[in-house]
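If you're matching positions, the sequence shown starts at 1 in UniProt numbering and goes up one per residue. Cβ coordinates follow ideal geometry from the N, Cα and C atoms, glycine included.
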Amino acid sequence: MSERALVIERLNKIFTTPNERVVALREIDLQVKQGEFITVIGPSGCGKSTLLKIVAGLDVEYDGKVELNGQQIKGPSLEKGFIFQEPRLFPWLTVEKNIAGDQSLKDPKVRGKVHELIRLVKLEGFEKAYPKELSGGMAQRVSIARALLRKPDILLLDEPFGALDAFTRSHMQEVLLNIWETNKTTMIFVTHDLDEAVFLGQRVVIMNPRPGHIKSVLPIELSFPRKRSSLAFQEMRRTVLNEFEKVEEESYTVGAGI
Numbered sequence: 001m002s003e004r005a006l007v008i009e010r011l012n013k014i015f016t017t018p019n020e021r022v023v024a025l026r027e028i029d030l031q032v033k034q035g036e037f038i039t040v041i042g043p044s045g046c047g048k049s050t051l052l053k054i055v056a057g058l059d060v061e062y063d064g065k066v067e068l069n070g071q072q073i074k075g076p077s078l079e080k081g082f083i084f085q086e087p088r089l090f091p092w093l094t095v096e097k098n099i100a101g102d103q104s105l106k107d108p109k110v111r112g113k114v115h116e117l118i119r120l121v122k123l124e125g126f127e128k129a130y131p132k133e134l135s136g137g138m139a140q141r142v143s144i145a146r147a148l149l150r151k152p153d154i155l156l157l158d159e160p161f162g163a164l165d166a167f168t169r170s171h172m173q174e175v176l177l178n179i180w181e182t183n184k185t186t187m188i189f190v191t192h193d194l195d196e197a198v199f200l201g202q203r204v205v206i207m208n209p210r211p212g213h214i215k216s217v218l219p220i221e222l223s224f225p226r227k228r229s230s231l232a233f234q235e236m237r238r239t240v241l242n243e244f245e246k247v248e249e250e251s252y253t254v255g256a257g258i
């Protein structure tokens with residue numbers, strides 16, 4: 001895991017409207033290694049989702065360098081998979097057809113890949129089911145499988161488990177880690193949940209708002225599988241929480257004009 005998959009240097013993003021000019025991101029520097037799992041946390045409005053959309057190529061109006069595998073990101077591509085908070089499945093298509101997308105299941109290679117992914121995300125037996133017949137967690141697994149079918153170099157996840165109940169969320173975290181360990185896909189996962197950030201990430205990126213910038217990057221030196229009840233996990237969580245509380249204090253000070 002030595003090659004740099006993603007390189008971000010001096011990234012700045014400004015939103016301009018007729019009435020105001022908002023600096024959303026300022027001087028973002030971040031490097032992500034091939035096969036690394038990064039989690040990103042920070043207060044609302046710190047630019048987490050904006051950063052993810054730029055890496056995905058969904059927003060190309062920015063200043064700075066954003067490169068994937070040595071190539072400047074200039075738009076969406078198959079090398080980048082994106083998972084939203086909601087599944088965004090086609091309600092008239094079955095699970096297997098949603099995963100296949102524009103590829104034909106009549107092709108034995110496509111069908112084989114689709115059913116391999118269905119096994120990977122633990123949806124065997126639901127191949128012919130429609131989205132309305134799935135739980136929220138199951139639908140999100142279909143979204144992940146659909147993104148993985150294109151074999152992206154990097155998978156970008158924007159609070160994908162935020163709308164799920166605690167039990168389903170915990171299960172989905174385990175599923176995602178299994179996918180990551182199996183495929184070795186580089187992942188950047190945005191979340192508001194500190195426990196989730198520590199449980200999943202090899203490094204936690206903490207962002208500060210007004211304007212959005214990286215406050216700190218903390219390595220999570222815990223082996224997988226991780227147990228939230230372990231002393232080592234609780235100590236690491238405390239370390240991240242202490243740093244996050246500094247960000248919240250600074251955000252309040254700036255927001256209050258102190």
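Give a yes or no on whether the C-beta atoms belonging to residue i and residue j are separated by under 8 Å.
i, j, result
"Ile83", "Leu156", "yes"
"Ile41", "Val217", "no"
"Leu68", "Ile144", "no"
"Val142", "Leu89", "yes"
"Leu6", "Leu25", "no"
"Glu27", "His213", "yes"
"Val198", "Phe244", "no"
"Leu58", "Val190", "no"
"Pro76", "Ala100", "no"
"Gly137", "Ile38", "no"
"Asp158", "Gln71", "no"
"Leu117", "Leu149", "yes"
"Arg238", "Leu194", "no"
Just reading off the beta strand (DSSP E) that residue i is part of, what are its end residues?
i, result
"Leu156", "Ile154 to Asp158"
"Lys215", "His213 to Pro219"
"Arg21", "Arg21 to Lys33"
"Thr16", "Arg4 to Thr16"
"Asn69", "Neither: Asn69 is in no beta strand (DSSP E) and is coded neither H nor E."
"Thr186", "Thr186 to Val190"
"Val204", "Arg203 to Asn208"
"Phe37", "Phe37 to Ile41"
Starting from residue i, trace the alpha helix (DSSP H) both ways and give me its first and last residue.
i, result
"Phe199", "Leu194 to Leu200"
"Phe84", "That residue, Phe84, is in no alpha helix (DSSP H); it is neither H nor E in DSSP."
"Thr182", "Ala166 to Asn183"
"Val60", "It is not in any alpha helix (DSSP H) - Val60 carries neither H nor E in the DSSP assignment."
Could you round the C-beta distance between residue i and residue j to whole angstroms and report it? I think they count as a contact, below 8 Å.
i, j, result
"Gly81", "Pro152", "4 Å"
"Asp29", "Ile14", "In fact, because the Cβ distance is near 17 Å, the residues do not count as touching under 8 Å."
"Gln34", "Thr186", "6 Å"
"Ile179", "Leu120", "6 Å"
"Pro160", "Gln140", "6 Å"
- Task: Run through the stretch 94 to 135 for me and flag every whole alpha helix (DSSP H) of 4 or more residues, listed as ranges in chain order.
- Result: 95 to 100 and 108 to 120, all fully within the stretch 94 to 135.
| said: For the pair the stretch 94 to 104 and the stretch 133 to 142, tell me if three or more CB-CB distances fall below 8 Å. | reply: Counting C-beta pairs closer than 8 Å gives three or more between the stretch 94 to 104 and the stretch 133 to 142, which meets the contact rule.
Any contact between the stretch 193 to 210 and the stretch 42 to 52? By contact I mean 3 or more CB pairs, one from each, below 8 Å.
They touch, by the three-pair rule.
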